[in-house]
Amino acid sequence: MSAIASRRVPVRLEPPYDIVVGPDVLRDAAALIGDRRRVAVVSQAAIADRYAETLANVLPTSEIFLIDDGEDAKNLATVESLARRFARWGLLRDDAVVALGGGVVGDVAGFTAASYHRGVDVLQAPTTLLAMVDAAIGGKTGVNLAEGKNLVGAFHQPIGVLADTTTLATLSEREYRSGLGEVAKYALMDDVVADPSGIVDLLRLHGGAVLERDPGVLADLVTRCATIKADVVASDPMEHTGIRATLNYGHTLAHALETAGAYSLTHGEAVGIGLIFASRLAEALKRIGDDAVDRHRAIVAALGLPIEVPGGVGLDADTLVRLMQRDKKARGGLTFVLAGPNGLERVDDPPASAVERALAAVGVGS
Ligand SMILES: NC(=O)c1ccc[n+]([C@@H]2O[C@H](COP(=O)([O-])OP(=O)(O)OC[C@H]3O[C@@H](n4cnc5c(N)ncnc54)[C@H](O)[C@@H]3O)[C@@H](O)[C@H]2O)c1
Numbered sequence: 004m005s006a007i008a009s010r011r012v013p014v015r016l017e018p019p020y021d022i023v024v025g026p027d028v029l030r031d032a033a034a035l036i037g038d039r040r041r042v043a044v045v046s047q048a049a050i051a052d053r054y055a056e057t058l059a060n061v062l063p064t065s066e067i068f069l070i071d072d073g074e075d076a077k078n079l080a081t082v083e084s085l086a087r088r089f090a091r092w093g094l095l096r097d098d099a100v101v102a103l104g105g106g107v108v109g110d111v112a113g114f115t116a117a118s119y120h121r122g123v124d125v126l127q128a129p130t131t132l133l134a135m136v137d138a139a140i141g142g143k144t145g146v147n148l149a150e151g152k153n154l155v156g157a158f159h160q161p162i163g164v165l166a167d168t169t170t171l172a173t174l175s176e177r178e179y180r181s182g183l184g185e186v187a188k189y190a191l192m193d194d195v196v197a198d199p200s201g202i203v204d205l206l207r208l209h210g211g212a213v214l215e216r217d218p219g220v221l222a223d224l225v226t227r228c229a230t231i232k233a234d235v236v237a238s239d240p241m242e243h244t245g246i247r248a249t250l251n252y253g254h255t256l257a258h259a260l261e262t263a264g265a266y267s268l269t270h271g272e273a274v275g276i277g278l279i280f281a282s283r284l285a286e287a288l289k290r291i292g293d294d295a296v297d298r299h300r301a302i303v304a305a306l307g308l309p310i311e312v313p314g315g316v317g318l319d320a321d322t323l324v325r326l327m328q329r330d331k332k333a334r335g336g337l338t339f340v341l342a343g344p345n346g347l348e349r350v351d352d353p354p355a356s357a358v359e360r361a362l363a364a365v366g367v368g369s
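Residue 369, in our numbering, is where the sequence shown stops; the numbers in between run on with no holes.
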């Protein structure tokens with residue numbers, strides 16, 4: 004057993020569930036599965052090779068169901084194939100599905116569980132940093148169509164989330180950095196001066212250990228980030244009030260950079276740059292001062308993420324603005340989530356000159 008105790012983050016929904024975080028918590032799966040008869044563990048080959056045995060040891064009636072790797076596999080064909088394999092194996096409505104993997108596995112297994120037999124229970128067992136702090140929490144599941152990402156899906160809250168921080172040791176550097184961008188977002192979503200989540204302080208004291216993936220420090224970091232996500236989800240479970248839009252802090256430019264795609268930034272790198280852009284835009288609109296901009300830059304840099312778009316001089320600001328107008332928050336014009344005296348808020352259609360200045364500040368077109 005690991006010497007580092009696991010932590011529990013409650014998600015206060017009806018019914019409530021816990022996010023269990025720590026080294027080796029996959030071994031606790033049986034307690035969450037309870038007396039459910041059969042357990043279909045959905046995963047990808049590279050993850051199952053490393054971690055499925057731990058689950059098999061504690062879930063004797065489980066069977067592993069592999070799906071292909073990558074965003075391309077997040078589609079209805081994979082859902083159909085999984086559901087048919089479940090049916091042939093005899094999975095019934097009172098049984099359970101475990102999603103062992105990153106956000107792709109979580110979304111596909113979660114959506115299949117939401118629709119198979121009109122809904123079977125799912126336990127999320129995220130193995131990427133991004134899934135631990137974001138994708139596995141909150142019940143959003145879904146797959147892509149050729150026409151767009153996440154266009155078919157359902158809200159299906161898990162019965163629990165098991166975030167085993169030991170699994171992060173085998174994640175590629177690129178995927179790890181994808182999660183670090185979300186960590187920067189959580190650090191900056193709250194009041195960074197008062198630091199109520201303690202994330203800023205943790206990064207200041209243990210930044211090196213985070214980059215070295217120390218499982219104990221990561222358990223602390225994931226717990227703090229997951230707490231913020233759990234609280235936002237509990238206050239707006241079905242995304243009706245708009246508060247969940249705060250989780251998109253830094254993502255408007257990030258998505259545009261990812262779509263423009265020319266510099267193969269990871270999601271986390273794009274989010275880091277998006278956060279700095281958002282702070283510069285808020286500053287141009289006199290919503291925040293220099294000190295807050297400096298803190299944004301310091302947090303992103305402390306996580307080893309770039310603070311400017313590499314090669315951004317060759318990028319066209321107009322293209323990025325057009326891409327940002329397609330953001331799901333936008334209502335025809337440009338919409339951002341920006342910091343200000345009342346915390347994070349939606350800001351519609353800021354002056355073009357302020358947007359251009361903020362883009363130039365992250366190295367775009369200048
Ligand atoms: N449902 C939500 O609320 C939500 C939120 C954010 C993102 N998402 C979705 O999540 C997806 C991205 O998730 P992701 O970043 O976790 O990517 P991913 O699921 O594609 O995983 C990244 C890669 O890492 C591998 N991997 C996973 N865990 C590993 C481990 N411990 N060791 C070694 N390799 C491992 C995977 O096999 C994959 O090749 C996107 O499809 C996105 O739309 C969903």
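Where a beta carbon is used, it is the ideal one built from N, C-alpha and C, also for glycine.
{"Asked": "Does the separation of the CB atoms of residue 263 and residue 323 fall below 9 Å?", "Found": "yes"}
{"Asked": "Return helix, strand or coil for residue 200, following the three-state DSSP convention.", "Found": "coil"}
{"Asked": "Measuring straight from C-alpha to C-alpha, what distance separates residue 272 and residue 21?", "Found": "29 Å"}
{"Asked": "Per DSSP, what are the beta-bridge partners of residue 20 in this structure?", "Found": "14"}
{"Asked": "How about residue 25: is its Cβ closer than 8 Å to a heavy atom in ligand 1?", "Found": "no"}
{"Asked": "Looking only at its chain, what residues have a beta carbon closer than 6 Å to the beta carbon of residue 34, apart from the 5 residues adjacent to it on each side?", "Found": "none"}
{"Asked": "If residue 111 and residue 146 are in contact, beta carbons under 8 Å, what's the gap, nearest whole angstrom?", "Found": "6 Å"}
{"Asked": "What alpha helix (DSSP H) runs, 4 residues minimum, are completely inside the region 185 to 243?", "Found": "202 to 214, 218 to 238"}
{"Asked": "Mind checking whether residue 285 and residue 291 have CB atoms under 9 Å apart?", "Found": "yes"}
{"Asked": "Examine ligand 1 and report whether any of its heavy atoms sits within less than 8 Å of the Cβ of residue 371.", "Found": "Only positions 4 to 369 of the chain appear in the structure, and residue 371 is not among them; the question remains open."}
{"Asked": "According to DSSP, is residue 4 helix, strand or coil?", "Found": "In this predicted model, residue 4 has a pLDDT of only 47, less than 50, meaning its place in the structure is not dependable enough to derive any value."}
{"Asked": "Keeping to the same chain, check which residues put their C-beta closer than 7 Å to that of residue 282; ignore five residues upstream and five downstream.", "Found": "291, 295, 296, 299, 342"}
{"Asked": "Comparing C-alpha positions only, which one of 158, 274, 293 sits nearest to residue 306?", "Found": "274"}
{"Asked": "Is residue 78 near ligand 1 - that is, is its Cβ less than 8 Å away from at least one heavy atom of it?", "Found": "no"}
{"Asked": "Can the beta-carbon of residue 278 be found closer than 9 Å to that of residue 214?", "Found": "no"}
{"Asked": "Hey, how far is the Cα of residue 204 from the Cα of residue 219?", "Found": "16 Å"}
{"Asked": "Does the beta-carbon of residue 60, which I'm using as the reference point, lie nearer than 8 Å to any heavy atom of ligand 1?", "Found": "no"}
{"Asked": "Which same chain residues end up closer than 7 Å to residue 29 when comparing Cβ atoms and leaving out the 5 residues on each side of it in sequence?", "Found": "54, 57, 58, 128, 165, 167"}
{"Asked": "Taking only the alpha-carbon atoms, compute the straight-line gap between residue 60 and residue 186 and give it to the nearest angstrom.", "Found": "32 Å"}
{"Asked": "Report yes if the C-beta of residue 74 is less than 8 Å from at least one heavy atom of ligand 1; otherwise report no.", "Found": "yes"}
{"Asked": "Buried or exposed for residue 115, going by 16 or more other Cβ atoms inside 10 Å?", "Found": "buried"}
{"Asked": "What span of residues does the beta strand (DSSP E) with residue 144 cover, start to end?", "Found": "143 to 148"}
{"Asked": "Give the DSSP-derived three-state secondary structure of residue 67 in the structure shown.", "Found": "strand"}
{"Asked": "What are the residues that DSSP puts in a beta bridge with residue 78?", "Found": "147"}
{"Asked": "With DSSP run on the structure shown, which of helix, strand or coil describes residue 103?", "Found": "strand"}
{"Asked": "Quick check: the region 221 to 234 against the region 134 to 142, are at least 3 beta-carbon pairs closer than 8 Å?", "Found": "yes"}
{"Asked": "Excluding the 5 residues flanking residue 160 on each side, which residues of the same chain have their C-beta closer than 7 Å to its C-beta?", "Found": "16, 20, 142"}
{"Asked": "Over what stretch of residues does the alpha helix (DSSP H) that includes residue 322 continue unbroken?", "Found": "320 to 328"}
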